[in-house]
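Everything on this sheet refers to the single structure shown next.
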Amino acid sequence: MNMQLTSPLTQKNSSKQHRVINFYPGPGALPLPVLERVHAELFNFNGTGMSVMEISHRSPEIQSIIDDSAERIKRLMELGEQFEVIFLQGGGSLQFLMVPMNFSGSGDQIDYIDTGYWAEKAIRGAQSLDRDLEIIASSADRDHSYVPDLNKISLRPEAKYLHLCSNNTVVGTQFNQFPNLPIPIIADMSSDFMSKVIDPTNLSCIYAHAQKNVGLSGVTVVLIRKEMLAKISENIPEFLDYRTHIKRKSNYHTPPCFSIYITWHILRWIEEDIGGLKQLGKINQEKADLLYQCIDSNPLFDCAVEKASRSQMNVVFTLPTQELEKQFIQEAFEAGIVGVEGHRTRGGCRVSLYNGVTLKAVEALVEFIGKFAKKPRGTTSES
Ligand SMILES: Cc1ncc(COP(=O)(O)O)c(C=O)c1O
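The numbers in the working numbering rise by one with no breaks, and the one at position 153 of the sequence shown is 162.
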């Protein structure tokens, strides 16, 4: 936000009562109960007399947090024993390289789907290696306003895998089903990981940075179907080999302990407060339905994303002029609503509805949108 008149670091009100309504695209809103629990144990975690930030990564406490987090992910996603779950650093971006390095070798065919900004970055990452990469489907023909139908794509039978981005954070589209395909599917789920129930049957590897739905930046969760491990290329650097981190239980080198600890708290919140992914998915659906319905029924706002492809997590929309969009963002900010500007490459507006965003927050936004639309605006450049 560049609307503050003073430096963002100038001391201001830090009280809990003055929290804003946060729709940032990630890092973004965290569940308040999680913040409260972290606050309560900040000086003394679980009787250790230390904060989690001060405990050695080799201690039983940190290893237990890592192990319990992996178990909770398996349980919540009903993965059974078919997947390994590891916690890495380097963000979603490092996975753009680790995926092709681990699951293909020099000259191998790898198939990718281009659904816009992050899918393209994954493609560029893999293209920097000596692979035979083909973009087998793309939504570029309609400005990435939809996702290709996975039942209609032509894969190369020899390709080692298909890579796709399940939720497209920048353009606001989402794949909802993953059919049985003849080659392994690898999904970047950075912006919809653990936001609802998914069927993992046809997925071979899932990766997601934590800072949208399950925590803070600094940790990336990677789920790897065990049978994929046998396919990992030899001769990749030890640090970049998934097997290294599986063998060492995500503690091969100093892990991002505090970030994993927050993920652990969020997983506990999903499991114990919310009641699991089915429940959470319902809440997320309700939030998205409410906002799309508001946008679609209001002529001042336009969501160009095709209905069947709309993201439950990132709602993108435009107003008739850039001037009005600026006003909308500014007035939202003044009303205590932050993070509604679109991605810098696209402009417009974007509202992110990750797990930490409450239904109440969306209701407040919808009310604000209604008031904004009714407000007389005098002569603006569109009149
Ligand atoms: C879908 C998706 N993949 C990957 C990334 C890149 O992640 P990171 O910034 O953690 O490298 C992002 C960033 O927002 C994203 O939205």
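Ideal Cβ positions, reconstructed from N, Cα and C, are used throughout, including at glycine.
Going by C-alpha distance, which of the options is nearest residue i?
| i | options | result |
| --- | --- | --- |
| P338 | S204, E63, G356, N189 | First, the amino acid is wrong: residue 338 is Ile here, not Pro. Nearest C-alpha to I338: G356. |
| K205 | L138, D250, Q288, G89 | Q288 |
| S154 | K130, F92, T124 | T124 |
| A167 | L18, I195, I119, E129 | Note that residue 167 is Glu in the sequence shown, not Ala. Minimum Cα distance to E167 is reached at I119. |
| D150 | S137, I122, G351, R140 | I122 |
| G348 | V325, E332, Q331 | V325 |
| K369 | S16, F32, A79 | F32 |
| T367 | R353, K296, A344 | K296 |
| V29 | I378, G345, C358, Y363 | G345 |
| T210 | K316, E90, P69, F267 | E90 |
| S242 | C358, I378, G116, Q98 | G116 |
| T327 | C358, H352, R353 | C358 |
| D158 | R234, C266, F184, L138 | F184 |
| P40 | D282, S175, N176 | D282 |
| R81 | K240, S306, Y270, I304 | Y270 |
| F202 | H254, Q294, N364 | N364 |
| N160 | Q186, H172, S175 | Q186 |
Is the separation between the beta-carbon of residue i and that of residue j shorter than 7 Å?
| i | j | result |
| --- | --- | --- |
| L238 | V94 | no |
| S200 | M322 | yes |
| T182 | V314 | yes |
| I245 | M62 | no |
| I162 | I145 | yes |
| P188 | Y170 | no |
| F105 | A131 | yes |
| S78 | L276 | yes |
| I64 | I74 | no |
| G35 | Q220 | yes |
Just the C-alpha distance for residue i and residue j, rounded to the nearest angstrom, thanks.
| i | j | result |
| --- | --- | --- |
| C312 | G37 | 22 Å |
| T229 | L249 | 14 Å |
| Y126 | R133 | 11 Å |
| K291 | I279 | 13 Å |
| M10 | F112 | Note that M10 has pLDDT 49, beneath the 50 cutoff, so the model's placement of it is unreliable and no number is given. |
| V43 | E50 | 11 Å |
| I215 | K384 | 45 Å |
| S213 | F92 | 9 Å |
| K258 | L225 | 20 Å |
| S390 | L333 | Residue confidence for S390 is low, a pLDDT of 45 falling below 50, so the modelled location carries little weight and cannot support an answer. |
| S60 | K21 | 25 Å |
| E376 | A341 | 11 Å |
| E372 | A382 | 15 Å |
| M86 | R46 | 24 Å |
| D197 | R386 | 42 Å |
| P329 | V179 | 20 Å |
| R84 | G114 | 33 Å |
For residue i, which of helix, strand or coil comes out of DSSP?
| i | result |
| --- | --- |
| L393 | No answer is possible for residue 393: it lies beyond the span of the chain, which begins at 10 and ends at 392. |
| L41 | helix |
| Q118 | strand |
| F381 | helix |
| I269 | helix |
| C312 | coil |
| F52 | coil |
| T263 | coil |
| E93 | strand |
| N211 | helix |
| I245 | coil |
| Q98 | coil |
| A370 | helix |
| H66 | coil |
| N323 | strand |
| R165 | coil |
So if I measure from each beta-carbon to every heavy atom of ligand 1 and keep distances below 6 Å, which residues remain? G35, G100, G101, S102, W127, C174, T178, D197, S199, S200, H218
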